[in-house]
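Scroll down for the structure; my scribbles are underneath it.
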Amino acid sequence: MSIFDGLKFRKVVSPIHNLDPRIKFIYVIVIFIVAILFNQIIPLLILFFMQLPFVFLAHVQKQWIRSLRGAAFLATFIFVVNILTTYFMSNYTLTAVNVESAAAMTLRFVVLVESFSVFFLTTSPDHLGLALEQSRIPYEFAFAFTTAVRFVPVLAEEAQTIMDAQKARGLELEKGNILKRIRNYIPILIPLIVSAIRRSLELAEAMESRAWGACRKRTNLYELKLHRGDLVLLTITLGVLAIAVYVNLFVSIPTLSSFF
Amino acid sequence: MAIIETKNLTYTYPGASKPSIDDVSIKVEKGEFVLITGPSGCGKTTLCRCFNGLVPHFYQGEIKGEITVAGINTLDHHTYEMAKHVGLVFQNPENQLFALSIEKDVAFGLENMGTAREVMRKKVDLALNQTGIYDIKERSPHEISGGQQQRVAIAAVIAMSPEIIVLDEPTSFLDPLSAEKIFDVIYRLNKEQGITVILVEHRLDLTAKYTDHLIVMDRGTVRLEGDPREILSSEETKLMGVGIPKATLLYQMLKKEGLKLGDKTPLSSEELADEIMEVLSSK
Amino acid sequence: MIETENIHYSYPNKVEALKGVSLTIKDGEFVAIMGQNGAGKSTFVKHFNGLLKPSSGAVKIDGVETTKSSVAALARNVGFVFQNPDHQLFSETVEEEIAFALKNFGFEPKVVEERVTWALNLLSLTQYRKTSPFLLSGGERKRVALASVLAWNPKTLILDEPTIGQDYEQKEKLRQFIMQMQTQKKTIVTVTHDVEFVAECNPRVILMKEGKIVADGIGREILTDPAKLELSSIVLPQIAQVFAKLSAFGFPKDIIDIYEAKTLLLQTKERHSK
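Chains as they are written, first to last, in this note's numbering: chain A, 34 to 293; chain B, 16 to 298; chain C, 3 to 276.
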């Protein structure tokens, strides 16, 4: 699914990739808040185009565009639903302002998708795991996250091997009606689950053998330090938030159609 | 004083009808390289897990007898306390590595123990160098070979500076060349660092030459213990289904037919070849 | 008969795993494919039952190209036993596990019953007929996996790393089992890096390195050639190692069998004492 392509990390050397994930995350949250604050199309358009320099700086244009394409279906759905609702609610009339409103709602959704996309495209799982470890979240969760990410490729390979093994015993996954096809996945799921359970047991043994639970205050080999770039981003983020709140409270925003 | 001592150790897994290890009494001296072998199901894996407390703390079940490791009674101490003294390396390389980079994996145990960062850095680098994986320290575990993964597991264990390392069939999944490299690493750790090694293996042709203390188990008990040259020559060992090195077998076969090559029972191809060459040159 | 004609294969991530492999395996042959991890051995044999189709070149089983057949159809004649039995086991009883493939292939219930009994017997699993496969030991689970493949009596048997984690006695039983299958004229292909096991079986040996075949011949020739073995990261079997060190004394280098070694050394002693 192309929308997921837009969330997979890409190993590239860029100033954006090196930024502290915690600061990046604050940035994404602020974008989220600002997008919710406004339902007029002009500020949302500004918000949308504001993401572009980050995308280009991080060299992730291709994947980012793919995520937009993936979001296109839902976006169209949102647009149509908005139009139809307004149409029926206001006695079968449709003004330019209504259309603009619907477009704004759609754009809000797109802005959210693209900002999260940039975040995940430019933050490696290790970096993310490290950020989680050094935040207030209990270590167990950060550990569960990094271990899960670590084993995703392993599980994917195993699933493929299991499918091969059962196909080699005459299992045909494509044949039969919908019920038969679902039943055909039992010989795949059971070995996968059993294997996952066995694997967790072995991992637990290894963890215990390496002093898991030895002390309450765990230390860390790496340390996330804030650099100049992070402070720049933080300043931009807070600036955007400040301007957004001010504009929202004190400035009346014209609609696009009022210009025509 | 023995670094490991067990007296009449008997353990039954929860729900099992009979014990997996029965009345096991062994003594291991500091700095020894011990080899434990025996047919599948003989209890060697269970015994390994007794050394660091996984049995009985992790597996529950019923345990009887005494066991002292590095001066500590494992029955009264948590597994995480034992981890400072005994490192355990398991069979499957993939399921011992959790972090997203090798370096972080090697540091895992030290992080758990709350080690200060500068101290940790030194210990991690030392362990990486001792196992020859320093230059791949930033790779992820999924990108490297099984042999390299096992070396990471060994590094992760020795980073905590234990007095003893126990390895349970560490080369099962590896090809012979990678296996030899692992045994070489282990042997050097034993000879150069003085770390006591307990190795569980089937591949005696590759490992018998490293030890002078061999333990053969069968059905939960210790059947034979002592000098591998004697044990691997005995008929009883062969009957138990233990894989005797071909060089040793050949020596025995020739002796039976009247051709005695030397006094020492060979454990490796080098030793056998040397003995044959001596006999041929002397004539 | 298995024929591969200059096949190339690349994974979806563009890595080329097979770089022009041509091989013919006749009916009834016993072949061991050896080489370092990553040489392409498993990738290669997965072409024999159609699990993988070559990017270029052709794979023919009994004259028919695998691209023209489904995996299920090819599996009827080419049985594949995977390395880890836990990747196959899923049924409630051993009996059901063995019957799985038979049912997939459309055998009649009566025939299924006969075959299951036969397979259980062949691998000494009759006592476990109604047992859950998950309750069995590692070695027993391996036998169940093997039984479930033999049950439909395929002409060809592919064994992927069958000796991993097995003790000496289990390997001996496996070796005898393979000999038994050979007397039944089955074609046997095993992927392995266990030199001692291969030395005892003495099959046709194929060495692979980096997606190509680098050697193809009789066990005793290939396994005693240090130059060839070094190419594929395999070590010499122990008996061969001994004779490699004794080459200065005029001993032949291609000895891998312990009984042959014994006879040779006794003869040498005879000659010396004369």
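Glycine included, every Cβ here is placed at the ideal spot set by N, Cα and C.
List the DSSP bridge partners of residue i.
i, result
"residue 162(C)", "193(C)"
"residue 92(A)", "The partner list for residue 92(A) (beta bridge, DSSP) is empty, contrary to what the question assumes."
"residue 266(B)", "DSSP output for residue 266(B) lists no bridge partner at all."
"residue 77(B)", "27(B)"
"residue 21(C)", "10(C)"
"residue 214(C)", "211(C)"
"residue 70(B)", "Residue 70(B) pairs with nothing; no bridge assigned."
"residue 33(B)", "Paired residue(s): none; residue 33(B) is not in a bridge."
Taking buried to mean at least 16 other C-beta atoms within 10 Å of its own C-beta, is residue i buried or exposed?
i, result
"residue 148(A)", "buried"
"residue 69(C)", "exposed"
"residue 144(B)", "exposed"
"residue 278(C)", "The requested residue 278(C) does not occur in the structure, where chain C is confined to residues 3 to 276."
"residue 131(B)", "exposed"
"residue 242(B)", "exposed"
"residue 94(A)", "exposed"
"residue 272(B)", "exposed"
"residue 169(A)", "exposed"
"residue 279(A)", "exposed"
"residue 256(A)", "exposed"
"residue 278(B)", "exposed"
"residue 272(A)", "exposed"
"residue 96(C)", "buried"
Which stretch, first to last residue, makes up the alpha helix (DSSP H) that contains residue i?
i, result
"residue 237(C)", "No alpha helix (DSSP H) contains residue 237(C), which DSSP labels as neither H nor E."
"residue 123(B)", "117–127"
"residue 209(C)", "That residue, residue 209(C), is in no alpha helix (DSSP H); its beta strand (DSSP E) goes 206–211."
"residue 58(C)", "Not the alpha helix (DSSP H): residue 58(C) falls in the beta strand (DSSP E), residues 58–63."
"residue 190(B)", "Unbroken run through residue 190(B): none, as it is neither H nor E."
"residue 59(A)", "54–70"
"residue 173(C)", "170–185"
"residue 50(B)", "Here residue 50(B) belongs to no alpha helix (DSSP H); instead the beta strand (DSSP E) covers 48–52."
Terminal residues of the continuous beta strand (DSSP E) containing residue i?
i, result
"residue 257(C)", "That residue, residue 257(C), is in no beta strand (DSSP E); it is neither H nor E in DSSP."
"residue 167(B)", "Note, residue 167(B): premise wrong, no beta strand (DSSP E); alpha helix (DSSP H) at 161–173."
"residue 26(B)", "17–27"
"residue 228(B)", "228–233"
"residue 37(B)", "36–39"
"residue 183(B)", "179–183"
"residue 240(B)", "236–241"
"residue 137(A)", "That residue, residue 137(A), is in no beta strand (DSSP E); its alpha helix (DSSP H) goes 129–155."
Given residue i, which residues of its chain have a CB within under 6 Å of its CB, disregarding the five upstream and five downstream residues?
i, result
"residue 245(A)", "none"
"residue 204(B)", "210"
"residue 77(B)", "27"
"residue 66(B)", "84, 101 and 181"
"residue 214(B)", "50 and 182"
"residue 112(A)", "135 and 139"
"residue 62(B)", "36"
Can you tell which of the options has its C-alpha closest to the C-alpha of residue i?
i, options, result
"residue 59(B)", "84(B), 127(B), 183(B) and 175(B)", "183(B)"
"residue 252(C)", "242(B), 262(B) and 291(B)", "291(B)"
"residue 148(B)", "124(B), 16(B) and 116(B)", "116(B)"
"residue 184(C)", "35(C), 158(C) and 130(C)", "158(C)"
"residue 21(B)", "128(B), 236(B) and 262(B)", "236(B)"
"residue 242(A)", "260(B), 97(B), 214(B) and 208(B)", "97(B)"
"residue 97(A)", "160(A), 195(A), 145(A) and 234(A)", "145(A)"
"residue 85(C)", "15(C), 199(C) and 192(C)", "192(C)"
"residue 195(C)", "206(B), 212(B) and 188(B)", "188(B)"
"residue 265(B)", "254(C), 259(C) and 247(C)", "259(C)"
"residue 253(A)", "282(B), 133(B), 217(B) and 208(B)", "133(B)"
"residue 226(B)", "282(B), 120(B) and 146(B)", "282(B)"
"residue 231(A)", "79(B), 72(B) and 107(B)", "107(B)"
"residue 206(C)", "198(C), 220(C) and 274(C)", "220(C)"
"residue 25(C)", "125(C), 170(C), 6(C) and 161(C)", "6(C)"
"residue 218(A)", "240(A), 176(A) and 195(A)", "195(A)"
"residue 36(C)", "255(C), 275(C), 256(C) and 235(C)", "235(C)"
"residue 161(C)", "231(C), 227(C), 138(C) and 47(C)", "47(C)"
"residue 273(C)", "42(B), 128(B), 82(B) and 295(B)", "295(B)"
"residue 90(B)", "186(B), 68(B) and 55(B)", "68(B)"
Quick one: residues in its chain with C-beta nearer than 8 Å to the C-beta of residue i, no 5 flanking neighbours on either side, listed in chain order?
i, result
"residue 172(B)", "102, 103, 104, 124 and 180"
"residue 266(A)", "52, 56, 57 and 60"
Quick one: residues in its chain with C-beta nearer than 7 Å to the C-beta of residue i, no 5 flanking neighbours on either side, listed in chain order?
i, result
"residue 18(B)", "43, 44, 45, 85, 178, 179 and 211"
- What residues in the region 123–143 of chain B bring their beta carbon closer than 8 Å to a beta carbon of chain F? Annotation note: the requested chain F is absent from the structure, which comprises protein chains A, B and C.
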